[in-house]
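As structure tokens, the structure follows; a few thoughts come after it.
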Amino acid sequence: MRLACASAGGKPTDVAFNLESVLNSVARARQSGAQLLVLPQLCLTGIGCGDLFKSDTLLQAAAAAAWEVAAAAQGMTCVFGLPVRVEEQVVSVAAVAQDGMLIALVPDPAYGMTSGLVHLPGLTLPLFQDALQIDGLTLAVRFPQQAGELPEADIIAVPGGEPFHAGAGEERVHQLAGHMGLVLYANASVRESTTDYVYDGQMFMLRDGWILGQVQPFSEDTLLVCDSDGTTQKPQLLPERDARYPYAPVPCPARDMWCREVLHAAAQGLATRMANIGVKSLMLGVSGGLDSAHALLVSLRALDILGLPKDNLHAVSLPAFGSTQRTQNNAVRLMEGLGLVPRVIPIGDSVARHLADIGHDGTTPDAAYENAQARERTQVLMDLANMVNGLMVGPGDMSELALGFTTYGGDHMSMYAVNSGLYKSVIRMSVEAWARAHPGTQAVQVLLDILDTPVSPELLPPKDGQMAQKTEDIVGPYELNDFFLHHFLRDFATPQQLMARAGQAFAGQYTKPVIAGWMKKFFRRFFVSQFKRSCMPDGPQVLGVSLSPRGGLSMPSDAASRLWLDACNDIIKTI
Numbered sequence: 001m002r003l004a005c006a007s008a009g010g011k012p013t014d015v016a017f018n019l020e021s022v023l024n025s026v027a028r029a030r031q032s033g034a035q036l037l038v039l040p041q042l043c044l045t046g047i048g049c050g051d052l053f054k055s056d057t058l059l060q061a062a063a064a065a066a067w068e069v070a071a072a073a074q075g076m077t078c079v080f081g082l083p084v085r086v087e088e089q090v091v092s093v094a095a096v097a098q099d100g101m102l103i104a105l106v107p108d109p110a111y112g113m114t115s116g117l118v119h120l121p122g123l124t125l126p127l128f129q130d131a132l133q134i135d136g137l138t139l140a141v142r143f144p145q146q147a148g149e150l151p152e153a154d155i156i157a158v159p160g161g162e163p164f165h166a167g168a169g170e171e172r173v174h175q176l177a178g179h180m181g182l183v184l185y186a187n188a189s190v191r192e193s194t195t196d197y198v199y200d201g202q203m204f205m206l207r208d209g210w211i212l213g214q215v216q217p218f219s220e221d222t223l224l225v226c227d228s229d230g231t232t233q234k235p236q237l238l239p240e241r242d243a244r245y246p247y248a249p250v251p252c253p254a255r256d257m258w259c260r261e262v263l264h265a266a267a268q269g270l271a272t273r274m275a276n277i278g279v280k281s282l283m284l285g286v287s288g289g290l291d292s293a294h295a296l297l298v299s300l301r302a303l304d305i306l307g308l309p310k311d312n313l314h315a316v317s318l319p320a321f322g323s324t325q326r327t328q329n330n331a332v333r334l335m336e337g338l339g340l341v342p343r344v345i346p347i348g349d350s351v352a353r354h355l356a357d358i359g360h361d362g363t364t365p366d367a368a369y370e371n372a373q374a375r376e377r378t379q380v381l382m383d384l385a386n387m388v389n390g391l392m393v394g395p396g397d398m399s400e401l402a403l404g405f406t407t408y409g410g411d412h413m414s415m416y417a418v419n420s421g422l423y424k425s426v427i428r429m430s431v432e433a434w435a436r437a438h439p440g441t442q443a444v445q446v447l448l449d450i451l452d453t454p455v456s457p458e459l460l461p462p463k464d465g466q467m468a469q470k471t472e473d474i475v476g477p478y479e480l481n482d483f484f485l486h487h488f489l490r491d492f493a494t495p496q497q498l499m500a501r502a503g504q505a506f507a508g509q510y511t512k513p514v515i516a517g518w519m520k521k522f523f524r525r526f527f528v529s530q531f532k533r534s535c536m537p538d539g540p541q542v543l544g545v546s547l548s549p550r551g552g553l554s555m556p557s558d559a560a561s562r563l564w565l566d567a568c569n570d571i572i573k574t575i
């Protein structure tokens, strides 16, 4: 039997575009001789439509498109996704078309509807979850979250709608490899909404748990065709995780591959946003620090994905009161090393005028003195972005957002925040991996010095030419904060659990009193800073967790931290 998977459609609410993409996939699959084609979940509308799924305008357009797909799939079986209304609820279903007709609508169990009638133009169908017949074989349609309870069937079709996270490709294969039979998986395309997630268009087919064929995440290939009796290969083993960095593989070639996925996923999110809104230019402030260096690499990769010249990235250094000569030099040298024309706009005078206008003496190093510099940078960068009809890229990372170590309305804000789904420690790994992959270049020499530079907001005047602020002296080691944050976001680990896990992972590196003390500061800063995260810009989730109020953490801005701080105090007392 000849089988096909396609990553088609997926552009949010653009049913006409998605239908054309799906019909093109159907035609290519038929031309290849495929008897079965599996397409992604909600491919006719896109996954990221939010409350617009409630609109009858969208639902009616999707239903009409479904009939066109069914008619085009004459002579084959086609599985594809769309939203339908069941009673008063909108449900994602996988439609099955056979011999030019819609014959079944299989509901996604995440919506809680397992039975009911769906009224389509000219046809009423019940929701259906049993197996179908295709050329004498049984076909069952299931969704990714049902991987652990697949039914007995000759073929399992899995229309995917899973956001990407680093390492997801191998994990999905392993989740579905327990089925003895054929499994066809087609994930949502890279055209999906990147408000909070990135989708990768991964496709694979398994036979008895072995790989029959696959298209890796973010590949340019949008169609996979295999014969059911083709040669198979054993899936790769999942890499061992690092105890101190549980989100990353241990240091080995697998970590470098993982880091390449991290950078590419962030870049794909930016590239998709640019393509969807028709923007071809980017504006980025380069500070000479780690986050902006990574944002620079991500931005260049996004332009490469779109086939745009690197000149479309407008990078600028904006030194002010706290900028040291070392970081200023590194900002310029990094831009030059990456083939960009550096631009420097000192903002010290404009900040001084602003401080004078509001009655500040211009010398007292208080919050206004520090934050005025960050807000002036943001204003300048956004205005420059408007001048080139581009997006201002934000370099702020998830660790800073968690700790509130970002200026509200300053570096906290951007038009697309490429690092907002990455911990500081992951950004360091990503930059290190990029440097290892590009040895001997000027950019690498600069990056190595940036990696060796203490993390600092540089908002206070230097002392004897050296930076006056070191972030980790204030908020604690980022590797500890990232450890706390990751376990808290993944399973809401209690302070007691965090203490036990961190004590084991960092044994010999940090004492228990040190770990407990920084954990208490972590929770205090985390809770009091939620208001900054409640209005954070769009940015891609890359590690499977997020602080976004839309697709990640839902938390009130005035939540009290007392329970967690009391638990930390109890731990400190017992040590």
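Position 49 of the sequence shown, counted from 1, bears residue number 49 in the working numbering, the numbering being contiguous throughout.
Heads up, the beta-carbon is just placed ideally off N, CA and C, and yes, glycines get one too.
Owing to the predicted nature of the structure, the values given are computational and were not obtained by experimental measurement.
query: Quick check: T441 and G337, are their CB atoms within less than 8 Å of each other?; result: yes
query: Would you list the one or two residues that DSSP bridges to H119?; result: T124
query: Rounded to the nearest angstrom, what separates V332 and V446 at their Cα positions?; result: 10 Å
query: Alpha carbon to alpha carbon, how far is F531 from L212? Give it in angstroms, no decimals.; result: 49 Å
query: Candidates V431, A275, A402: which alpha carbon is nearest D452's?; result: V431
query: What is the C-beta distance between G269 and V418, in whole angstroms, given that I count them as a contact (C-beta under 8 Å)?; result: 7 Å
query: I571 bridges to which residues according to DSSP?; result: Note: I571 sits in no beta bridge, so no partner.
query: With respect to the alpha helix (DSSP H) encompassing Y369, which residues constitute its N-terminal and C-terminal limits?; result: 367-387
query: What number of angstroms, rounded off, separates the C-alpha of V38 from the C-alpha of A385?; result: 41 Å
query: Closest Cβ-Cβ distance between L212 and chain D: below 8 Å?; result: In the structure shown, chain D cannot be found, because there is only a single protein chain.
query: Could you name the residues of the same chain whose beta carbon sits closer than 8 Å to that of H487, not counting the 5 residues immediately before and after it, in chain order?; result: P246, A493, Q497, L498, R501
query: Note down, one range per segment and in chain order, each alpha helix (DSSP H) of at least 4 residues found wholly within the segment 153-179.; result: 168-176
query: Assign N569 to buried or exposed, taking buried as 16 or more other Cβ atoms, counted over all protein chains shown, within 10 Å of its Cβ.; result: exposed
query: For G362, count neighbouring C-beta atoms within 10 Å of its own C-beta (all shown protein chains included) and say buried if the count is 16 or more, exposed if not.; result: exposed
query: On the DSSP letters alone, give me the boundaries of the beta strand (DSSP E) that R255 sits inside.; result: It is not in any beta strand (DSSP E) - R255 instead sits in the alpha helix (DSSP H) that spans 253-277.
query: Just to confirm my understanding: we take D99, look at its own chain, exclude 5 residues before and 5 after, and list those with CB closer than 8 Å. What are they?; result: Q74, G75
query: Can you give me the start and stop residues for the alpha helix (DSSP H) that Q133 sits inside?; result: Premise fails: Q133 lies in the beta strand (DSSP E), 132-134, not in any alpha helix (DSSP H).
query: Would R436 and D304 qualify as a contact pair, given that the criterion is a beta-carbon distance under 8 Å?; result: no
query: Using DSSP's beta-bridge definition, name the partner residues of V475.; result: None; V475 has no bridge partner.
query: DSSP state of V96, grouped into three classes?; result: strand
query: How long is the line joining the alpha carbons of A505 and Q379, rounded to whole angstroms?; result: 42 Å
query: Which of the three DSSP states, helix, strand or coil, is assigned to D491?; result: helix
query: So for P109, helix, strand or coil by DSSP?; result: helix
query: Please report the residue range of the alpha helix (DSSP H) in which F526 lies.; result: 512-528
query: Using beta-carbon positions only, say whether S281 and G390 come within less than 8 Å of one another.; result: yes
query: On a Cα-Cα basis, can you pick out the residue from L318, L448, L459, D357 that is closest to P365?; result: L459
query: Under three-state DSSP, which class holds T327?; result: helix
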